[in-house]
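Trainee: First to last, the sequence lines map onto chains W and C. Okay, so the first sequence: first residue is 140 according to the working numbering, each after it adds one. Okay, so the second sequence: first residue is 925 according to the working numbering, each after it adds one. Where is the CB? At the ideal position from N, CA and C, for every residue including glycine.
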Amino acid sequence: MIKFLLKGLIRDRHRSLFPILSISIGVTLTVLMQAWVTGILGDMIDFNARFTTGHTKVITRAYSENMQQMASDLAIVGVDELTDDLEKEFPNMNWINRIRFGGLIDIPDESGITKSQGPVVGWGINILTDNGSDIERMNLQKAMRAGKIPTKSGEILMSDELAEKLNVKVGDDATFLGSTMFGSMAMQNFVIVGIVHFGTTALDKGAIIIDFKDAQEVLNMENATSEILGYLPSGKYNNELASEIANDFNSKYSNSEDEFSPKMLTLSEQNDLKSMLEYMDSIIGIIIFVFIFAMSIVLWNIGLIGGLRRYGEIGLRLAIGESKGAVYRKMIYESVLIGLFGSLFGTIIGLGFSYLLQTKGLDLSSMMQNTSMMIQSVYRAKITPLTFYIGFIPGLFSTIIGTALAGIGIYKRQTAQLFRELEN
Amino acid sequence: MANSIITITNMKKQYPEGKGKFTALDDINLSINSGEFTGIVGPSGSGKTTLLNIIGSLDVPTEGEVITLGESIGKLTHRKAAKLRNKNIGFIFQTYNLLPVYSVYENVEFPLLLLKMSASKRKKAVLDALEWLGLTDKIKSRPGQLSGGECQRVAVARAMVKLPEIVLADEPTANLDAENAHNILKMMSKLNKELNTTFLFSTHDEKVIQYLTRQILLKDGKVVG
């Protein structure tokens, strides 16, 4: 009997192929949506963590109130001792120093006269120091468009849009003009050894990257830094854990009376990320709920229509002598089979597309030409354990529930009524 | 009455209609013996199909008693009614009602699957039935590839394959031309004689009436002759 029913199921496209296709499409969209939204949010957090916020960040209280100004005179002093303390107190965390600064970059011609100049945001990161840990963290190898990563002091990287604007190429000289930690003028000649594309418009429009030690020297920041970034051992942001660490640190080191005392901020406390994360979380929750709900109704409807259009066949089977219970059970078995195949195909296809979007990403840089926000321009999906079943469960159950509801008609209708529907 | 296989006593069938009730059948008293080739004859709307459905346990009487093969139809549970139909009653419909995605062989095989008959017995029974009806060359065809006459022959084979005691045929020739109608009726008459299967028709078709050995005239829900 099972073989007989399977034959019918396979041969009747209205009962098998079309429902499986519909379920697959619905499940695919649900899976893709979840992976895409998770990927965007995760990328945004990860991007901010790697470039600006860390999972936690130690700065002075004064610096925290004027963070956008990147004022080097509000930097943390005695950074070597503080870093040692951090490594002792929180040994599982990875602590790195960074200096962010602003200034002017001047490009001289062959005779030393200014050829072009423009404002820049400078990043003093670990290229030659700390085993070049920021090279990987800021994805510099992949970001290189020309030249090489600095191998000695006095070499810098420049963002591609800025290089284009200033009309410079690898090997050209550049002079940085700014102010030191003590307010005096800072001026230093560098050689541009590489052009990079960060994938975020805010940086690509005007950034230079130099080694942390070079930045300390130029800005006269001996044993000082703008920020100490902390990264959780898992590499993934965990707000609860980060808050715990920050509270612990602040209770021991931060003094509200001293504006130069250190203060630890979590990722969510920076760049308005907390409200954005909460907002994004809610929006994502709503989108996914609405999407799954809508898909469930569609799939349920498919189960319902599938059941209703078979009243004739059911009438015949009842007339021939199959019991109502047996007919109902077989309808449910069929829907389980259809739901399983549809959900399985949908999940596989959805995972396939998600994987493509995870590895290749979607470059939206052309749509973000004028943005100054620190957001990435290549968006990627992210496959998580949830991706494997978020579409599967509604795909399977809504089909079964739809069929089960349609099948209730078998019980409610008199056999003779089904029989009459068969005749029609 | 020793070989009576259908006995109907003071049977009434009513359907709800608006706030009242519509009486489809009233005061029906009948007895049909084993091996009869009988027709319930009457105009459209006289209650023929309703009567056939009640005899076949597809419906239940509102009042009175209908006993088919010793079972009181009104007292049967759904499961027992299904069992009765499955084992002992074959149905033939006006519109054939073959399952379109299955072959002729599979359509005829279907009632035997419900009886959980073994594969070898099933095969023999299906091939026998198809041979009686002259359909051996159509075994692999689907209903959509057959003519109306051939479809109805498949429907007869499906009804006969389990060798039921009763075959209920509701306007079996309504969609057939004269030649096909006669062929089908000849076959059913032959099966009635050879297998002693009781045939009960509902019809107003003269072609059918001429083959009947007994007519039960029905008018406005009452037996009039």
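1. Using 9 Å as the threshold, is the C-beta distance between residue 151(W) and residue 1078(C) below it?
2. For the putative contact between residue 185(W) and residue 267(W), defined by C-beta atoms under 8 Å, what is the C-beta separation to the nearest angstrom?
3. From residue 253(W) to residue 246(W), what does the alpha carbon distance come to, in whole angstroms?
4. What residues of chain C sit near residue 147(W), judged by a beta carbon separation below 8 Å?
5. So is residue 477(W) in contact with chain C if we call contact Cβ pairs under 9 Å?
6. Quick one: which residues of the region 442-463 of chain W get their C-beta closer than 9 Å to a C-beta of chain C? List them in chain order.
7. Is DSSP giving residue 524(W) helix, strand or coil here?
8. Rounded to whole angstroms, what's the CA-CA distance from residue 391(W) to residue 398(W)? Just pull it up for me.
9. Exposed or buried, residue 173(W), counting other C-beta atoms within 10 Å across all chains shown (16 or more means buried)?
10. Where do the N-terminal and C-terminal ends of the alpha helix (DSSP H) with residue 972(C) fall, by residue?
11. Would you give the residue range spanned by the beta strand (DSSP E) that residue 1015(C) belongs to?
12. Residues in its own chain within less than 8 Å of residue 1131(C) by CB, not counting five upstream and five downstream?
13. Assuming residue 462(W) contacts residue 162(W) (C-beta within less than 8 Å), just tell me the rounded distance between them.
14. If you draw a straight line from the alpha carbon of residue 981(C) to that of residue 149(W), how long is it in whole angstroms?
15. Does the distance from the CB of residue 1121(C) to the CB of residue 959(C) come in under 9 Å?
16. Closest Cβ-Cβ distance between residue 140(W) and chain C: below 9 Å?
17. Just tell me which of 459(W), 502(W), 525(W), 395(W) has its CA closest to the CA of residue 204(W).
18. In terms of residues, what are the limits of the alpha helix (DSSP H) holding residue 1205(C)?
19. Give me the chain C residues within the contact set of residue 150(W), using Cβ-Cβ distance strictly less than 7 Å, ordered along the chain.
20. What is the C-beta distance between residue 196(W) and residue 368(W), in whole angstroms, given that I count them as a contact (C-beta under 8 Å)?
21. Pull up the distance between the alpha-carbon of residue 410(W) and that of residue 183(W), whole angstroms please.
22. Which residue's Cα is closest to the Cα of residue 1034(C): 464(W), 540(W), 385(W), 455(W)?
23. May I have a chain-ordered list of the beta strand (DSSP E) segments no shorter than 3 residues that lie completely inside the region 948-974 of chain C?
24. In the region 157-183 of chain W, which residues sit with their C-beta less than 7 Å from some C-beta in chain C, listed in chain order?
25. Span of the beta strand (DSSP E) holding residue 576(W)?
26. Cβ closer than 8 Å: which chain W residues qualify as neighbours of residue 1035(C)?
27. Evaluate residue 1141(C) with the Cβ neighbour count: other Cβ atoms within 10 Å of its Cβ, from every protein chain shown; 16 or more gives buried, anything less gives exposed.
28. Along chain C, which residues have their Cβ under 9 Å away from the Cβ of residue 143(W)?
29. Helix, strand or coil for residue 1105(C) per DSSP?
30. Under 9 Å between C-beta atoms, does residue 543(W) make it to chain C?
31. With DSSP as the reference, please indicate the residues paired to residue 1125(C) in a beta bridge.
32. Residues of chain W with a CB under 9 Å from the CB of residue 1007(C): which are they?
33. My output table needs one value for residue 370(W): the three-state DSSP class, helix, strand or coil.
34. When DSSP labels each residue in this structure, what does residue 248(W) get in the three-state scheme?
35. Rounded to a whole number of angstroms, what is the C-alpha to C-alpha distance between residue 1144(C) and residue 971(C)?
36. Does DSSP classify residue 1010(C) as helix, strand or coil?
Mentor: Reading off the structure:
1. no
2. So it is not a contact: roughly 25 Å between Cβ atoms.
3. 6 Å
4. 1023, 1025, 1026
5. no
6. 451, 452, 454, 455, 456, 457, 458, 459, 460, 461, 462, 463
7. helix
8. 15 Å
9. buried
10. 972-979
11. 1013-1016
12. 1097, 1102, 1105, 1106, 1109
13. Between residue 162(W) and residue 462(W) the Cβ distance is about 28 Å, and since that is not below 8 Å, they are no contact.
14. 32 Å
15. yes
16. yes
17. 395(W)
18. Shown here, chain C extends from 925 to 1149; a query on residue 1205(C) therefore has no answer.
19. 1025
20. 5 Å
21. 12 Å
22. 455(W)
23. 961-965
24. none
25. The requested residue 576(W) is not part of the displayed model; chain W covers only 140 to 563.
26. 459, 460
27. exposed
28. 1026, 1030, 1033, 1034, 1037
29. helix
30. no
31. 963(C), 1093(C)
32. 460, 462
33. strand
34. coil
35. 7 Å
36. helix
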